[in-house]
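Trainee: Quick one: the structure is below, questions incoming.
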Amino acid sequence: GEGIAPLSSSKLVTNGDSITLTCNYNGSYRSDSLLWYRQYSSSKPEFLFLVSESNLEQPADPPIPGVSAKINEEKNRVDLEISSTLVSDSAMYYCALKPT
């Protein structure tokens, strides 16, 4: 069946470090887009990045600085990288599959 799973549930980072969050997927990813979201405790989810088939990367509009995503097809995963983290980046990050 189709499905995705985050690789780890939580990460602690030092201010200014970069961090990579990983999301595994299975099933026919070719027909899907994988989206990354960030959610602060008091607000609704905020779209960060979309990666679709043929490796098309679509950032949020306007783009969120320091956030990038890339697909690793061999390992069936999509990595979200946040460079130079801030305390204000502390939030829930999650990925979602959206059939196209």
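If you read the sequence shown in full-length UniProt numbering, its first letter stands for residue 1, the second for the next number, and so on.
Glycine residues also receive a C-beta, built at the ideal position from the N, C-alpha and C atoms.
Only a predicted model underlies this, so the values are computations on that prediction, with no experimental measurement involved.
#1: Are the beta-carbon atoms belonging to residue 74 and residue 21 less than 9 Å from one another?
#2: Work out the CA separation of residue 40 and residue 24 for me, nearest whole Å.
#3: Can you grab the Cα-Cα spacing for the pair residue 158 / residue 54, in whole Å?
#4: At what residues does the beta strand (DSSP E) containing residue 51 begin and finish?
#5: Between residue 90 and chain C, is there a C-beta pair that is closer than 9 Å?
#6: Distance check for residue 92 and residue 44, CA to CA, integer angstroms please.
#7: Look at the alpha carbon of residue 72 and the alpha carbon of residue 52, and state the distance between them as a whole number of angstroms.
#8: With a threshold of 8 Å on Cβ separation, who are the neighbours of residue 76 within its own chain once the five nearest residues in sequence on each side are excluded?
#9: Is residue 78 buried or exposed, if buried means 16 or more other CB atoms sit within 10 Å of its CB?
#10: Check whether the Cβ atoms of residue 16 and residue 84 sit closer than 9 Å, and answer yes or no.
Mentor: In brief:
#1: The sequence position of residue 74 within the sequence shown is 74, counting from 1. The sequence position of residue 21 within the sequence shown is 21, counting from 1. No, the Cβ-Cβ distance between residue 74 and residue 21 is not below 9 Å.
#2: Here the question's residue 24 lines up with position 24 in the sequence shown. Here the question's residue 40 lines up with position 40 in the sequence shown. Cα to Cα, residue 24 sits roughly 23 Å from residue 40.
#3: The displayed coordinates of the chain run from 1 to 100. Any statement about residue 158 would go beyond what the structure contains.
#4: Within the sequence shown, residue 51 is the residue found at index 51, counting from 1. 46–52 is the span of the beta strand (DSSP E), which, as asked, contains residue 51.
#5: Absent from the structure: chain C. Only one protein chain is present.
#6: Looking up residue 44 in the sequence shown gives position 44. Looking up residue 92 in the sequence shown gives position 92. When rounded, the distance between both Cα atoms is 11 Å.
#7: Numbered from its first residue, the sequence shown carries residue 72 at position 72. Numbered from its first residue, the sequence shown carries residue 52 at position 52. So the alpha carbons of these two residues sit roughly 12 Å apart.
#8: For the purposes of this step, residue 76 is taken as the residue at position 76 of the sequence shown. Result list for residue 76: 24, 25, 26, 29, in chain order.
#9: Within the sequence shown, residue 78 is the residue found at index 78, counting from 1. Buried, by the Cβ-count rule.
#10: To locate residue 16, count along the sequence shown from 1; it is residue 16. To locate residue 84, count along the sequence shown from 1; it is residue 84. For residue 16 and residue 84, yes; Cβs fall inside 9 Å.
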